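Its first residue numbered 6, the sequence shown is counted upward by one per residue in our numbering. All C-beta atoms in this analysis are idealised placements derived from N, C-alpha and C, irrespective of residue type, glycine included. Model, not experiment: these values are computed from the prediction.
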Amino acid sequence: MKFWSAGILLGTSVAFLSLLGCGGSNGDLDNPRQGTITVASDESFKPIVNALTNAYEGIYPNTHFKLEYKPEQEAIRQLLNDSARIIFSTRQLSEKETELIKKQKGSHKFQHIATDGLALVVSKSNTDSLITMPEIKAILEGKITDWSQLKDGNQKGPITLVFDNANASNLNFILNKFGIKDIQRLRITSAGSNENVIKDIRSNPLHLGFIGVSWISEGHSLATRELSKGINVLGVAQKANPDSLSNYIQPFQSGLEFKRYPLHRDLYIISREGYSGLGGGLMTYIARDVGGLIIQKMGLLPTVPYPRELEITTGKNF
Numbered sequence: 006m007k008f009w010s011a012g013i014l015l016g017t018s019v020a021f022l023s024l025l026g027c028g029g030s031n032g033d034l035d036n037p038r039q040g041t042i043t044v045a046s047d048e049s050f051k052p053i054v055n056a057l058t059n060a061y062e063g064i065y066p067n068t069h070f071k072l073e074y075k076p077e078q079e080a081i082r083q084l085l086n087d088s089a090r091i092i093f094s095t096r097q098l099s100e101k102e103t104e105l106i107k108k109q110k111g112s113h114k115f116q117h118i119a120t121d122g123l124a125l126v127v128s129k130s131n132t133d134s135l136i137t138m139p140e141i142k143a144i145l146e147g148k149i150t151d152w153s154q155l156k157d158g159n160q161k162g163p164i165t166l167v168f169d170n171a172n173a174s175n176l177n178f179i180l181n182k183f184g185i186k187d188i189q190r191l192r193i194t195s196a197g198s199n200e201n202v203i204k205d206i207r208s209n210p211l212h213l214g215f216i217g218v219s220w221i222s223e224g225h226s227l228a229t230r231e232l233s234k235g236i237n238v239l240g241v242a243q244k245a246n247p248d249s250l251s252n253y254i255q256p257f258q259s260g261l262e263f264k265r266y267p268l269h270r271d272l273y274i275i276s277r278e279g280y281s282g283l284g285g286g287l288m289t290y291i292a293r294d295v296g297g298l299i300i301q302k303m304g305l306l307p308t309v310p311y312p313r314e315l316e317i318t319t320g321k322n323f
């Protein structure tokens, strides 16, 4: 463990994509039905990126995505260096980054694909299960340093914050959310990955972990169930003095809907592809209803929800 002292059905989609493939690029260029491209993503989104790309490769066996997981800023740098065709990110490119691509005579496009939540997790042996946004801010400012200082705190001992990596989306998001510039005085540890954050939290009741919720929100996955053992997800309230327990929201789909969960964040896919290639095929797939179904199944809130049809039988002819 390393401590930091500073910043750290399918048929409709298949038919549609087949049409795209017919008008694909010539020569050795990839197209929506075949080829290999590099996809970079913050490691926080590994479960959802794996699910989406595996599903696409299942439809088109001649396509292959080289997946590279790294801190978000490194993934963006890879896109700017043209060593990744597309990336998954919690933010759009800045004006300066966009200008850099233009100077390279390149192009870029993006689409918002889901609403995600940053989950705060603790060991099951830590009986604290509720926290407020002002308390989180006070922890990050170094004003709250012990679990006993929380309003409903049941623990005693120094709070250690556990993130996956420096320059990763989890840390950057929480610091930007509260406008925190200096974390020199905080007890922060880098676990190396979201999965390692979970493992760390399990065995350290005084640690507070920050992970992407898709790591623990896919209820039908054996891996998810195993990862979820031994941890609790905190409910987060927007106000300092919540009126009731219903004000504490968890980062699952019911909380992400209407962005009720205070630590919700956007998930984008960004491409620098300048022709109808494999990157565009993946973006089209994600934008259609089947992609939304996969995102929904993984526990996030898709931008394009999967349509649900209900047949109601009344027993009457009208």
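Identify which residue in HIS69, GLY63, THR68 and ALA89 has its Cα closest to the Cα of LYS75.
Here residue 75 corresponds to residue number 70 of the sequence shown, with the count starting at 1. Residue ALA89 is the option with its Cα nearest to LYS75.
Take the Cβ of ARG190 as the centre, count every other Cβ of all protein chains shown within 10 Å, and call the residue buried at 16 or more, exposed below.
For the purposes of this step, residue 190 is taken as residue 185 along the sequence shown, with counting starting at 1. Looking at its Cβ environment, which holds fewer than 16 other Cβ atoms inside 10 Å, ARG190 is exposed.
Taking a contact to mean a Cβ-Cβ separation below 8 Å, would you say SER46 touches PHE93 in this structure?
Indexing the sequence shown from 1 puts residue 46 at position 41. Indexing the sequence shown from 1 puts residue 93 at position 88. Going by C-beta atoms, SER46 is nearer than 8 Å to PHE93.
Where ALA89 falls: helix, strand or coil (DSSP):
Here residue 89 refers to the residue found at position 84 when the sequence shown is read from its first residue. Residue state, collapsed to three classes: coil.
DSSP three-state label for THR41, please.
Within the sequence shown, residue 41 is the residue found at index 36, counting from 1. Three-state result, THR41: strand.
ILE328 and SER233 closer than 8 Å at C-beta
Here the chain has residues from 6 to 323 only, and residue 328 is not among them.
Along the beta strand (DSSP E) that carries LEU166, what are the first and last residues, could you check?
Numbered from 1 along the sequence shown, position 161 holds the residue referred to as residue 166. Residues 165-168.
Measuring straight from C-alpha to C-alpha, what distance separates PRO37 and LEU72?
Counted from its first residue, the sequence shown places residue 37 at position 32. Counted from its first residue, the sequence shown places residue 72 at position 67. Straight-line Cα distance between these residues: approximately 17 Å.
I think PRO210 touches ASN131, with their Cβ atoms under 8 Å apart; what is that distance to the nearest whole Å?
Along the sequence shown, one-based indexing puts residue 210 at 205. Along the sequence shown, one-based indexing puts residue 131 at 126. About 4 Å separates the beta carbon of PRO210 from that of ASN131, a gap short enough to meet the 8 Å contact definition.
Excluding five sequence neighbours on each side, which residues of the same chain lie with their C-beta closer than 8 Å to the C-beta of GLU62?
In the sequence shown, residue 62 corresponds to position 57, counting from 1. Correct list, in chain order: THR68, HIS69 and PHE70.
Less than 6 Å between C-beta atoms, sequence neighbours within five positions excluded: which residues of the same chain meet that for ASP121?
Taking the sequence shown and counting its residues from 1, one reaches residue 121 at position 116. Within the same chain, ASP121 has close Cβ partners ARG270, LEU272 and LEU305.
Which residue or residues does DSSP assign as beta-bridge partners of SER46?
As a working mapping, residue 46 is identified with position 41 in the sequence shown. Its beta-bridge partners are TYR74 and PHE93.
Stretch-stretch touch, CB-based, cutoff 8 Å, three pairs: the stretch 77-86 with the stretch 172-190
Counting Cβ pairs under 8 Å, three or more are found: they touch.
Using CA coordinates, which residue listed in ALA119, TYR65 and ASP33 is at the minimum distance from ASP294?
As a working note, residue 294 is residue 289 in the sequence shown. Sorting ALA119, TYR65 and ASP33 by C-alpha distance to the C-alpha of ASP294 places ALA119 at the top.
Starting from the C-beta of GLN243, find all residues in its chain whose C-beta is less than 6 Å away, skip the five residues before and the five after it, and write them out in chain order.
In the sequence shown, counting from the first residue as 1, residue 243 sits at position 238. So the list reads MET138 and PRO267, once near-sequence residues are dropped.
How would you write the range of the alpha helix (DSSP H) that ASN201 sits in, first residue to last?
Taking the sequence shown and counting its residues from 1, the one referred to as residue 201 is at position 196. Looking at the DSSP string, the run of the alpha helix (DSSP H) that includes ASN201 is 199-208.
Count the other C-beta atoms from every protein chain shown that fall within 10 angstroms of the C-beta of HIS212, then say buried if there are 16 or more, exposed otherwise.
Looking up residue 212 in the sequence shown gives position 207. Looking at its Cβ environment, which holds 16 or more other Cβ atoms inside 10 Å, HIS212 is buried.
Can you list the beta strand (DSSP E) stretches of 3 or more residues lying completely in the stretch 92-145, in chain order?
You should have 114-128 and 135-137.
So what's ILE185 in DSSP terms, helix, strand or just coil?
For the purposes of this step, residue 185 is taken as the residue at position 180 of the sequence shown. Residue state, collapsed to three classes: coil.
Span separating the alpha-carbon of GLY32 from that of PHE215:
Numbered from its first residue, the sequence shown carries residue 32 at position 27. Numbered from its first residue, the sequence shown carries residue 215 at position 210. The predicted position of GLY32 is uncertain, since its pLDDT is 49 and thus under 50; no value can be drawn from it.
Tell whether a beta-carbon distance below 8 Å holds between ILE275 and ALA56.
Residue mapping note: residue 275 aligns to position 270 of the sequence shown, counting from 1. Residue mapping note: residue 56 aligns to position 51 of the sequence shown, counting from 1. The answer is no: Cβ separation not under 8 Å.
Output needed for GLN258: all residues of its chain with C-beta closer than 7 Å, excluding positions within five of it in sequence on either side, in chain order.
One-based indexing of the sequence shown puts residue 258 at position 253. Here the set comprises GLY304 and LEU306.
Are SER195 and PHE168 close, meaning C-beta to C-beta below 8 Å?
For the purposes of this step, residue 195 is identified with residue 190 of the sequence shown, where counting begins at 1. For the purposes of this step, residue 168 is identified with residue 163 of the sequence shown, where counting begins at 1. Yes, the Cβ-Cβ distance between SER195 and PHE168 is below 8 Å.
Proximity winner among ASN177, LYS204 and THR165, relative to ARG192 (alpha-carbon distances):
Here the question's residue 192 lines up with position 187 in the sequence shown. Minimum Cα distance to ARG192 is reached at THR165.
For PRO256 versus ALA124, is the C-beta spacing smaller than 8 Å?
The sequence position of residue 256 within the sequence shown is 251, counting from 1. The sequence position of residue 124 within the sequence shown is 119, counting from 1. If you check the CB distance, PRO256 and ALA124 come in under 8 Å.
Residues that ASN237 bridges to, as DSSP identifies them
Indexing the sequence shown from 1 puts residue 237 at position 232. Bridge partners of ASN237: VAL127.
Using the Cα positions of ALA245 and ILE144, report the straight-line distance between them to the nearest angstrom.
In the sequence shown, residue 245 corresponds to position 240, counting from 1. In the sequence shown, residue 144 corresponds to position 139, counting from 1. One alpha carbon belongs to ALA245, the other to ILE144, and they sit about 14 Å apart.
So LEU98 packs on GLY240, CB below 8 Å; how close in whole Å?
Residue 98 sits at position 93 when you count from the first residue of the sequence shown. Residue 240 sits at position 235 when you count from the first residue of the sequence shown. In this structure, LEU98 and GLY240 do not form a Cβ contact; the two beta carbons are roughly 34 Å apart against a cut-off of 8 Å.
GLY297 versus ILE64 - alpha carbon distance:
Walking along the sequence shown from the start, residue 297 turns up at place 292. Walking along the sequence shown from the start, residue 64 turns up at place 59. The alpha-carbon atoms of GLY297 and ILE64 are separated by roughly 16 Å.
In chain order, what are the residue ranges of uninterrupted beta strand (DSSP E) at least 3 long that sit wholly in the stretch 216-303?
Segments of the beta strand (DSSP E) lying fully in the stretch 216-303: 236-238, 240-242 and 269-276.
Should ILE203 and VAL126 be called a contact, given that it needs their Cβ atoms to be closer than 8 Å?
Here residue 203 refers to the residue found at position 198 when the sequence shown is read from its first residue. Here residue 126 refers to the residue found at position 121 when the sequence shown is read from its first residue. Yes; because the gap between Cβ atoms is below 8 Å, this pair is in contact.
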